[in-house]
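Trainee:
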Amino acid sequence: MRSQDIANMENNKSERNVALALGLIFFILGVAGFLPSFLSLPNDAGIPIQAEPSLYSKGFGYIFGVFPTNLIHDFIRILVGLTGIIMSRDTQGARVYCRVFAYLYALIAILGILPFGKTFFGLMPIFGNNVWLNGLTAAIAAYFGFIKPISETGEVAVSPPEIIKER
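In terms of this note's numbering, the sequence shown opens at residue -5 and continues consecutively.
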């Protein structure tokens, strides 16, 4: 192998490591949402005790007392985490994961700021500290999915047409 190929392989590890790290973070957050010792109800809970149990209120609480969550949000975090762990096995999969993650979580962060979208239309809480978590992880994923220079990744942006290759 040429030294340049080895250097490209080393640089490509960063995308895989980011996909793995994001996957582990979201998997751990998702599992923590199911463990009562990591889940706390706020003093001023937004759900009245007398309220009928709804899809939104099932499992509602704050992971580590910081991140609002519910049952659906926990399942989605586990799914996103497992996807990141699986996609981190190769560079191309990690890059695709980072790109999709960046789009989705940037959208979720923006929705978390807006009054009508902060509960993801009544399904899961994406307000409060979830906004900065989603925005920060989306920015990290965007860097490693889109912005990282082509010279570092060894990825060819556009392959030349067959006519040019023959000359």
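All C-beta atoms, glycine included, are put in the ideal place defined by N, C-alpha and C.
This one's a predicted model, so the numbers in the text were calculated from it and none came from an experiment.
Return helix, strand or coil for ILE57, following the three-state DSSP convention.
Mentor: If DSSP states are grouped into helix, strand and coil, ILE57 belongs with the strands.
Trainee: What residues in its chain sit with their C-beta under 6 Å from that of ALA136, if we drop five residues either side in the sequence?
Mentor: Cβ within range, chain order: ALA96.
Trainee: So, under 8 Å CB-CB, ASN128 and ALA103 are touching, yes? Tell me the CB distance rounded to an integer number of Å.
Mentor: That belief holds up - the Cβ atoms of ASN128 and ALA103 are roughly 4 Å apart, short of 8 Å.
Trainee: Name the DSSP beta bridge partners of THR85, please?
Mentor: Partner(s): none; THR85 has no beta bridge.
Trainee: Using only the alpha-carbon positions, how far apart do THR63 and GLY24 sit?
Mentor: Cα to Cα, THR63 sits roughly 9 Å from GLY24.
Trainee: Of the choices LEU117, GLY53, ILE134, MET118, whose alpha-carbon is the least far from that of GLY27?
Mentor: Out of LEU117, GLY53, ILE134, MET118, GLY53 has the C-alpha closest to the C-alpha of GLY27.
Trainee: Does the pairing of the segment 6 to 16 with the segment 83 to 93 give three or more beta-carbon distances under 8 Å?
Mentor: These segments touch.
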